[in-house]
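Worksheet for the structure shown next.
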Amino acid sequence: MAERRLVVDNLKLSYEGIFNVGELYQLIDRWFREKGFDKREVRNQEHVQPEGKYIELELQPWKRITDYARHVIRVDIRMFRVKDVVVEQEGKRHKMQSGKVNIVFDGYLDTDYEDRWEQKPFYFFLRTLFDKFVYRTYSAEFEDLLVENVTQLQQTIKSFLNLYRHSFGVHRKPELWKL
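Residues in the sequence shown are numbered from 23 upward in steps of one, following the working numbering.
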């Protein structure tokens, strides 16, 4: 069985306001295609509730680095109280959504994902030696590249959502003081 090393753990992004669900999904899909990741959609669910839609989406795209290692980025998107709204900007009407978005990013480095070194105990022993002494510098480089990819994806989505905040004049509501 392949060894899965957690490199990026629970990198979070939250947004509340006006956004476009379709454009957000297209942005994420386009980013993964441009970076050479193979798409894998684990879960895509939508529940209609009285206060709005609840949308849950989990993606686990992966990218082959070498015959021995690959990157897997897990993106868990949860949208709460999603309602359709019509926004007018510069005389044009746009159909958008309003709600809350929570996104959690995890990054994994999979080694020996084809199970070539797991077939016999001697191979497993060689793999352990190989990982500790020979492949250590390469693994560190692969981990750094994975961290860079995950943070770049987070920043891309963050700037996309902030674009809506500034374009449509949506600001965070001030919290009320409790007496």
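No residue lacks a Cβ here, since even glycine has one placed at the ideal position from N, Cα and C.
In the structure shown, A24 falls within a coil segment according to DSSP collapsed to helix, strand and coil. Considering only D128, V109 and M101, the residue with the shortest C-alpha distance to P83 is D128. Cβ atoms of D51 and V94 stay farther apart than 8 angstroms, at about 16 angstroms. With 16 or more other CB atoms across the displayed protein chains lying within 10 angstroms of its CB, Q119 is buried.
When beta bridges are read from the DSSP output, G39 appears opposite G121.
Taken through DSSP and simplified to helix, strand or coil, K57 comes out as coil. For R62, there is no enclosing alpha helix (DSSP H), as DSSP marks it with neither H nor E. In the structure shown, G113 falls within a coil segment according to DSSP collapsed to helix, strand and coil. By the C-beta density criterion, R62 is exposed, having fewer than 16 other C-beta atoms within 10 angstroms.
The bridge partners DSSP lists for D128 are R96. Checking the DSSP bridge columns, you'll see Q67 partnered with E78. Non-local beta-carbon contacts of E110 in its own chain, meaning distances under 8 angstroms to residues more than five positions away in sequence, involve H116 in chain order.
Secondary structure at D166: helix, using DSSP grouped into helix, strand and coil. At a Cβ-Cβ threshold of 7 angstroms, E80 and V64 count as neighbours. Going by C-alpha positions, L168 is about 22 angstroms away from R149.
Remark: C-beta atoms of K180 and L33 do not approach each other more closely than 7 angstroms. The residue among Q67, E163 and F164 with its C-alpha nearest the C-alpha of I99 is Q67.
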